[in-house]
Amino acid sequence: MVDNKSSTDPLAEDQISNTDGNLPSESEASIDALARRVQESISLGKRHTFWETQPVGQFKDLGDPRLPEGPIEPPTPLSEVKQDPYNLPAQYEWITCDMDSNEMCSEVYTLLTNNYVEDDENMFRFNYSKEFLQWALRPPGYFKSWHIGVRAKSSKKLVAFITGIPARIRVRETVVLMAEINFLCVHKKLRSKRLAPVMIKEVTRRVHLENIWQAAYTAGVVLPTPISTCQYWHRSLNPKKLIDVGFSRLGPRMTMSRTIKLYKLPESTVTPGFRKMELHDVPAVTRLLRDYLSQFMGAPDFDENDVEHWLLPKENVVESWLVESPETHEITDFCSFYTLPSSILGNQNYTNLKAAYSYYNVSTKTPLLQLMNDALIVAKRNDYDVFNALDVMENELFLKELKFGPGDGKLHYYLYNYRVNHVLSPSELGLVLL
Ligand code: MYA
Numbered sequence: 043m044v045d046n047k048s049s050t051d052p053l054a055e056d057q058i059s060n061t062d063g064n065l066p067s068e069s070e071a072s073i074d075a076l077a078r079r080v081q082e083s084i085s086l087g088k089r090h091t092f093w094e095t096q097p098v099g100q101f102k103d104l105g106d107p108r109l110p111e112g113p114i115e116p117p118t119p120l121s122e123v124k125q126d127p128y129n130l131p132a133q134y135e136w137i138t139c140d141m142d143s144n145e146m147c148s149e150v151y152t153l154l155t156n157n158y159v160e161d162d163e164n165m166f167r168f169n170y171s172k173e174f175l176q177w178a179l180r181p182p183g184y185f186k187s188w189h190i191g192v193r194a195k196s197s198k199k200l201v202a203f204i205t206g207i208p209a210r211i212r213v214r215e216t217v218v219l220m221a222e223i224n225f226l227c228v229h230k231k232l233r234s235k236r237l238a239p240v241m242i243k244e245v246t247r248r249v250h251l252e253n254i255w256q257a258a259y260t261a262g263v264v265l266p267t268p269i270s271t272c273q274y275w276h277r278s279l280n281p282k283k284l285i286d287v288g289f290s291r292l293g294p295r296m297t298m299s300r301t302i303k304l305y306k307l308p309e310s311t312v313t314p315g316f317r318k319m320e321l322h323d324v325p326a327v328t329r330l331l332r333d334y335l336s337q338f339m340g341a342p343d344f345d346e347n348d349v350e351h352w353l354l355p356k357e358n359v360v361e362s363w364l365v366e367s368p369e370t371h372e373i374t375d376f377c378s379f380y381t382l383p384s385s386i387l388g389n390q391n392y393t394n395l396k397a398a399y400s401y402y403n404v405s406t407k408t409p410l411l412q413l414m415n416d417a418l419i420v421a422k423r424n425d426y427d428v429f430n431a432l433d434v435m436e437n438e439l440f441l442k443e444l445k446f447g448p449g450d451g452k453l454h455y456y457l458y459n460y461r462v463n464h465v466l467s468p469s470e471l472g473l474v475l476l
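Right, dumping it as structure tokens:
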């Protein structure tokens, strides 16, 4: 399932069936998982002709106490940054994608909808909406020049894309101005031609031109070298559809009606004072979030402008809910999720899977379990089919209890030109990238 940038299978352990001959049995599924682990360990020994040349942690350096934490290379003087773009094969040209333009946005949307991340079995593909892309790519202080496309000169067709946005990210005590890199995509017909390294070098050059020398990104593939490896969990909201489209399977000794009953949620939320976040809540939410995120080793350093952009509700893009104490009117708790549908490939009955992705959640008075159960209730009410969450921050406190099942793909977090001495556990990470 396309629940992250990993090629992951969404199956919750408790949903795996060995009753349907067409589907892997429990032991086959664990063989799959084993095969993936073997492949990951092989990739640790694999040559990375591009990544070996880049200032990223190298596998051989992992845990070497002589290497200091922090930037791997110092910044170069701006006058020495390459002024002109990298060479592309002659039939292609660079463009800067103006995400304010509806037409440009549609072109990007079309490229990604047809060519972006799929699961291992090619059953699902991320289907980021245009509104989502405009939100994700235009935060405070964004640079148009970091929204990079490649066109075929003759047909003018967009064939590749990569983006960066600026972000302040704290690593332990140090706040570092970084680029968050996302939406790297090469058209299916142009794969394995070493275009991705050129895209990455070009975005790096444009980031350097803004005097920024570090970056953060996530990927489903193992590259040198993850700072953390996380896992997605899935909470069925519409189990019948999820089973019908092959996202999940009927558990052993489970019938459809028992499964539907298992995942049933109440119609209304239970927490008094639970309501949608509004513009006037920005200062209170910022305080709550900053205070909460300060406990993690790696987290964004959000100010009020960031919170207004990233967390104020936007229809079909991001939902944020909070608890306002009915007595004191203090904002005590907060939860949020973003909307990222996936196309369902080759199913007769359904074309789209509506997924909510847990974003930032803070509980100070309402138990986290109750807060997140209310989040599930509003997601269900708004017709989401599934609610996904990574095991980052304190999410482990509610995942099992609220009937999330583990997916079997991994999401790796990376930093460019910044070494960390120890791999972080997911619960030490306070960062969610889109
Ligand atoms: S993650 C989402 C990535 N997108 C997809 O998975 C969509 C579907 N797939 C594709 O479109 C293509 O397969 C892509 C690769 C474009 C992914 N991150 O051109 P190639 C390395 C980094 O022949 P292709 C996201 O968006 C690979 O290891 N590197 O391959 C975050 C090999 O290098 P090496 C990757 O399949 C992106 C080389 O590319 C990834 O045609 C963060 C092969 O190139 C990947 N996901 O195209 C980017 N996949 O030989 C890094 C493959 O060394 C940002 N590769 O192993 C770094 C920071 C930059 C800014 C720095 C500022 C200071």
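Once you know that position 306 of the sequence shown is 348 in the working numbering, the rest is easy, because the numbers rise by one and skip nothing.
By construction, the Cβ of each residue, glycine as well, lies at the ideal position given by its N, Cα and C atoms.
Nothing here was measured: the structure is a model prediction, and the numbers come from that model.
Counted within 10 angstroms of its Cβ, other Cβ atoms place residue i as buried (16 or more) or exposed
i: Asp450; result: buried
i: Thr301; result: buried
i: Pro131; result: exposed
i: Ile73; result: Interpretation of Ile73 is limited by its pLDDT of 44, a score under 50 that renders its predicted location unreliable; the figure taken from the coordinates is listed afterwards. That one is exposed.
i: Asn253; result: exposed
i: Thr246; result: buried
i: Asp433; result: buried
i: Tyr458; result: buried
i: Arg233; result: exposed
i: Val263; result: exposed
i: Pro281; result: buried
i: Gly388; result: exposed
i: Ser270; result: buried
i: Leu473; result: buried
i: Met298; result: exposed
i: His464; result: exposed
i: Ala77; result: In this prediction, Ala77 has a pLDDT of 46, which is less than 50 and means its spatial position is unreliable; what the coordinates show is noted afterwards. Exposed is the call here.
i: Ser336; result: exposed
i: Arg371; result: It should be noted that the sequence gives His, not Arg, for residue 371. Classification of His371: exposed, given that the 10 Å Cβ count is below 16.
i: Asn64; result: Residue placement at Asn64 cannot be trusted, given a pLDDT of 26 that sits under 50; what the coordinates show is reported in the next sentence. The residue in question, Asn64, is exposed, as its Cβ has fewer than 16 Cβ neighbours within 10 Å.
Proximity of residue i and residue j at Cβ, strictly below 8 Å
i: Thr267; j: Leu104; result: yes
i: Val428; j: Leu395; result: yes
i: Val360; j: Glu346; result: no
i: Gly206; j: Trp188; result: yes
i: Ser378; j: Tyr402; result: yes
i: Ala431; j: Leu439; result: no
i: Gly183; j: Tyr460; result: no
i: Ile190; j: Trp136; result: yes
i: Val312; j: Phe376; result: no
i: Leu154; j: Cys227; result: yes
i: Asn391; j: Asp286; result: yes
i: Lys172; j: Ser148; result: yes
i: Ala261; j: Tyr456; result: yes
i: Leu364; j: Arg317; result: yes
i: Ala540; j: Glu222; result: Only positions 43 to 476 of the chain appear in this structure, which leaves residue 540 out of reach.
i: Glu443; j: Leu413; result: no
i: Arg214; j: Met339; result: yes
Cβ distance (whole Å) where residue i is taken to contact residue j below 8 Å
i: Arg236; j: Ala341; result: Their Cβ separation, rounded to whole angstroms, is 34 Å, which puts Arg236 and Ala341 out of contact at 8 Å.
i: Phe446; j: Arg277; result: 4 Å
i: Trp275; j: Pro448; result: 5 Å
i: Val462; j: Asp343; result: Going by Cβ atoms, the distance from Val462 to Asp343 rounds to 17 Å, so no, they are not a contact pair.
i: Val404; j: Leu330; result: 5 Å
Beta bridge counterpart(s) of residue i as assigned by DSSP
i: Asn164; result: Looking at the DSSP assignment, Asn164 forms no beta bridge with any residue, so it has no partner.
i: Lys356; result: Val360
i: Thr205; result: His189, Asn224
i: Ile386; result: Phe166
i: Asp375; result: Val365, Ser405
i: Arg461; result: Gly112
i: Ser400; result: Phe379
Residue i, enclosing beta strand (DSSP E) - first and last residue
i: Tyr151; result: From DSSP, Tyr151 is part of no beta strand (DSSP E) but of the alpha helix (DSSP H) over 144-157.
i: Leu226; result: 216-228
i: Gln273; result: 270-278
i: Glu438; result: First-last for Glu438: 438-441, but that is the alpha helix (DSSP H), not the beta strand (DSSP E).
i: Trp136; result: 134-138
i: Lys452; result: 447-458
i: Arg332; result: It is not in any beta strand (DSSP E) - Arg332 instead sits in the alpha helix (DSSP H) that spans 324-335.
i: Asn430; result: 428-432
i: Pro281; result: Pro281 -> not in any beta strand (DSSP E); alpha helix (DSSP H) instead, spanning 281-286.
i: Pro182; result: Per DSSP, Pro182 belongs to no beta strand (DSSP E) and is neither H nor E.
i: Pro342; result: 340-342
i: Ser299; result: No beta strand (DSSP E) contains Ser299, which is instead part of the alpha helix (DSSP H) from 298-304.
Delimiting residues of the alpha helix (DSSP H) encompassing residue i
i: Thr260; result: No alpha helix (DSSP H) contains Thr260, which is instead part of the beta strand (DSSP E) from 256-261.
i: Lys172; result: 172-179
i: Arg317; result: From DSSP, Arg317 is part of no alpha helix (DSSP H) but of the beta strand (DSSP E) over 316-318.
i: Thr95; result: Here Thr95 belongs to no alpha helix (DSSP H), and DSSP marks it neither H nor E.
i: Thr118; result: Looking at the DSSP string, Thr118 is not in any alpha helix (DSSP H), and its letter there is neither H nor E.
i: Thr246; result: 237-250
i: Lys422; result: 410-423
Residue i: CB within 7 Å of a non-hydrogen atom of the ligand ATP
i: Phe92; result: For the ligand ATP, the structure offers nothing, since it holds only the ligand MYA.
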